[in-house]
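Read the structure below first, then the notes.
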Amino acid sequence: DAMVIQNPRYQVTQFGKPVTLSCSQTLNHNVMYWYQQKSSQAPKLLFHYYDKDFNNEADTPDNFQSRRPNTSFCFLDIRSPGLGDAAMYLCATSRAKVETQYFGPGTRLLVL
Amino acid sequence: GQQLNQSPQSMFIQEGEDVSMNCTSSSIFNTWLWYKQDPGEGPVLLIALYKAGELTSNGRLTAQFGITRKDSFLNISASIPSDVGIYFCAGQLGLNYGGSQGNLIFGKGTKLSVKP
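If you're matching them up, the sequences are chains B and R in order.
Position 64 (the first sequence) corresponds to 542 in my numbering; numbering is contiguous.
Position 4 (the second sequence) corresponds to 179 in my numbering; numbering is contiguous.
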């Protein structure tokens with residue numbers, strides 16, 4: 479089945495230690511999104527790639543970066559995780575910008 | 176910025192009861208989406224609505240796109256224990272939003288609990 483895959487599902491890192499989260503998709507969608515979701519809140523968009531074009535939300539901290547080496551993969555890099563960055567990180571994809579977004583299962587990040 | 180008001184915030188119902196939740200906005204959306212999120216998982220798309228007035232069903236779920244394009248509701252009939260979770264509405268920004276086109280504006284969610 480075509481799907482959005484996130485690895486790992488759970489990630490533990492230390493305060494200040496860089497961490498990378500991974501997303502892959504078999505849908506061949508052009509757009510890939512990264513969201514941060516904290517407990518009891520709605521997902522919050524960090525940035526998205528439309529093909530190779532990177533679009534950063536205005537309030538996304540510089541600590542968060544992303545890479546999309548090819549259509550199928552997109553990475554979220556947190557350069558120096560703080561305790562406040564502990565959250566669920568969701569990847570989503572859509573065929574085009576104004577088409578339906580499909581979410582992956584998420585990666586729960588714990589910062590010690 | 177755009178905001179969605181989703182209500183109720185939580186519901187605690189008996190198995191077999193019908194459920195209704197809704198979202199309203201001060202802005203117009205071209206697309207309304209309803210997602211369900213289980214604990215520790217990503218949101219799963221339930222229903223997508225693309226036209227004002229559209230009424231769409233998916234099994235026991237029915238959703239409508241309000242005629243003013245500023246609201247939507249989701250009904251669940253004959254609830255069962257596996258309906259438990261958080262339901263999010265989301266309005267999708269259209270082509271006239273430049274770099275933000277396609278972005279989702281989420282409601283705060285409705286937490287549904289079902290008592291067997």
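Don't be surprised by glycine CBs; every beta carbon is placed ideally from N, CA and C.
These figures come from a predicted structure and were not determined experimentally.
Beta-carbon gap between Val498(B) and Leu554(B) smaller than 8 angstroms:
Residue 498(B) sits at position 20 when you count from the first residue of the first sequence. Residue 554(B) sits at position 76 when you count from the first residue of the first sequence. In the sequence under discussion, the amino acid at residue 498(B) is Thr, which differs from the Val named in the question. Against a cut-off of 8 angstroms, the Cβ pair of Leu554(B) and Thr498(B) comes out as a contact.
Identify every run of the beta strand (DSSP E) within the segment 190-234 of chain R, keeping only runs that are complete inside it and at least 3 residues long; order them along the chain.
194-200, 206-212, 219-224 and 230-233
Closer than 6 angstroms by C-beta to Leu279(R): which residues in its own chain qualify, once you throw out the five before and the five after it? Chain order, please.
Indexing the second sequence from 1 puts residue 279(R) at position 104. Cβ within range, chain order: Ala265 and Gln267.
Nearest to Tyr528(B) by CA position, among Arg545(B), Pro496(B), Gly584(B) and Ala564(B), is which residue?
Within the first sequence, the letter at position 50 stands for residue 528(B). Per the Cα distances, Arg545(B).
Quick check on Asn485(B) - is its C-beta less than 8 angstroms from some C-beta in chain R?
Within the first sequence, numbered from 1, the residue matching residue 485(B) stands at position 7. With its beta carbon at least 8 angstroms from every one in chain R, Asn485(B) lies outside the interface.
Quick one, which residues of the segment 263-274 of chain R are near chain B if we go by CB-CB under 7 angstroms, in chain order?
Under the 7 angstroms Cβ criterion, the segment 263-274 of chain R contributes Phe263, Gln267, Gly269, Leu270 and Gly274.
With a threshold of 7 angstroms on Cβ separation, who are the neighbours of Asn541(B) within its own chain once the five nearest residues in sequence on each side are excluded?
For this step, residue 541(B) is matched to residue 63 along the first sequence. Ile556, Arg557 and Ser558, listed in sequence order.
Check whether chain B comes within 8 angstroms of Pro214(R), counting only Cβ atoms and requiring the distance to be less than that.
Here residue 214(R) is taken as the residue at index 39 of the second sequence, counted from 1. Not an interface residue.
By Cβ distance below 7 angstroms, which residues in the same chain neighbour Gly228(R) in space, the five residues on each side in sequence not counted?
Numbered from 1 along the second sequence, position 53 holds the residue referred to as residue 228(R). Result list for Gly228(R): Phe240 and Ile242, in chain order.
Among the candidates Ser572(B), Val482(B) and Lys495(B), whose CA atom is the shortest distance from the CA of Val589(B)?
As a working mapping, residue 589(B) is identified with position 111 in the first sequence. Answer by Cα proximity: Lys495(B).
Using three-state DSSP, classify Leu505(B) as helix, strand or coil.
Locating residue 505(B) in the first sequence gives position 27, where the first residue counts as 1. The answer is coil: DSSP assigns Leu505(B) none of H, G, I, E or B.
Per-residue contacts from Cys572(B) into chain R (C-beta, under 8 angstroms)
Here residue 572(B) corresponds to residue number 94 of the first sequence, with the count starting at 1. Checking the sequence, you will find Ser at residue 572(B) rather than Cys. Simply Gly277.
Do Gln276(R) and Gly269(R) have their C-beta atoms within less than 8 angstroms of each other?
Looking up residue 276(R) in the second sequence gives position 101. Looking up residue 269(R) in the second sequence gives position 94. Yes. Within cutoff.
Short CB-CB distance (under 8 angstroms) between Gly284(R) and chain B
The count along the second sequence starts at 1 and reaches residue 284(R) at position 109. Yes, contact with chain B.
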